[in-house]
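Residue numbers (our numbering): 13 to 353.
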């Protein structure tokens, strides 16, 4: 393994000079100093020098590692978020350490799952981390503070009181409902999951608020509840066909994909028999058939703001006020005017 001494010997300078150059602390005002620094960096590359991480941690009291906590990886949208976090953290010279809690979102297992998530985080937070970004829906910021009070933590996209940036889910539901309404649909169902947080409540309350402003009375059986997986979307198809609805808002893309598959199994086609829309706009919306009309969530910007807020905390600055980012309606092929069958 190449050491600072090896580089110093090759460059004909002191070990201290090499250390200051590689740590960006050497003054390079004079041309000769600039050339010397460039030579040291070239030698470090040629000799495959890798900094001693333990020594760096001792010196800076920082690991340059951020933990990102997720509850699942089956949803492609989660993968997109994880990649975005890796990129955003790298922009701030941090590495990402991924933690998978594997918590379940079934309603009857919430207490057990929440305890499992908390137990995992208690272990995960003992890693050499500078901070944690939480995406587990069963863990709140207060949970994190209680378990690891000295660990800087930020919860991603949860609520305006808990996160530095959130997606306007309410606006997403409204924009999708307005789109379906404009196509003549008056009986519109909604399929949602159940979580400890506010996610499901925001979706269903936005749906209720939309109908409160329209001359059509919403019915309780038009709200179909379950979890957030494609499997539930498939199961929800039968409940949808038991109603007189002509369209449906799916709480996420996985639910929509499952719903379309379930309807097809029952001999119903989208958009011939039902119009279906979703919230997220992941890759699934483009590769499923028919392609899904969706309310796009600006993932990369949400991630960028979340990472920036955590960096502010780490550097002693207050977390900025929460930014609420609006949806964008992406119209594809999963909707048709009512009565066109």
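Backbone N, C-alpha and C fix where the C-beta goes; we use that ideal spot for every residue, glycine too. Since the structure is predicted, the reported quantities are computational estimates derived from the model, not experimental observations.
Cβ-based neighbour list, residue i, same chain, cut-off 7 Å, excluding 5 preceding and 5 following
i	result
residue 253	278 and 280
residue 336	172, 178 and 180
residue 60	14
residue 56	19 and 34
residue 308	293, 339, 340 and 342
Counterpart residues of residue i in DSSP-defined beta bridges
i	result
residue 143	78
residue 165	144
residue 204	237
residue 341	307
residue 111	81
residue 187	Per DSSP, none; premise fails for residue 187.
residue 367	With the chain covering 13 to 353 only, the question about residue 367 has no answer from this structure.
residue 27	BP columns for residue 27 are empty, so no partner.
residue 291	307
residue 262	203 and 290
Own chain partners of residue i with C-beta closer than 8 Å, once the 5 adjacent residues on each side are dropped
i	result
residue 344	297, 298, 302, 303, 304, 305 and 306
residue 163	137, 141, 143, 144 and 156
residue 159	130, 133, 134 and 137
residue 330	324
residue 243	270
Buried or exposed (CB count within 10 angstroms, at least 16 for buried), residue i
i	result
residue 102	exposed
residue 17	exposed
residue 204	buried
residue 251	buried
residue 151	buried
residue 63	exposed
residue 227	exposed
residue 224	exposed
residue 21	exposed
For residue j and residue i, the rounded distance between their alpha carbons
i	j	result
residue 316	residue 53	30 Å
residue 25	residue 328	37 Å
residue 76	residue 109	10 Å
residue 289	residue 51	58 Å
residue 231	residue 111	41 Å
residue 184	residue 167	21 Å
residue 31	residue 23	12 Å
residue 332	residue 311	19 Å
residue 236	residue 274	14 Å
residue 45	residue 106	29 Å
residue 11	residue 49	Past the edges of the chain, shown from 13 to 353, lies residue 11, and the structure says nothing about it.
Same chain, Cβ closer than 6 Å to residue i, neighbours up to 5 away in sequence not counted
i	result
residue 265	290, 292, 294, 296 and 297
residue 196	349 and 350
residue 98	108
Closer than 8 Å to chain D by CB, residue i
i	result
residue 346	Annotation note: the requested chain D is absent from the structure, which comprises a single protein chain.
For the stretch 228 to 259, which segments carrying the alpha helix (DSSP H) assignment without a break, of at least 4 residues, lie completely within its bounds, in sequence order?
242 to 253
Taking only runs that begin and end inside the stretch 299 to 338, name each unbroken alpha helix (DSSP H) of 4 or more residues, in chain order.
311 to 326
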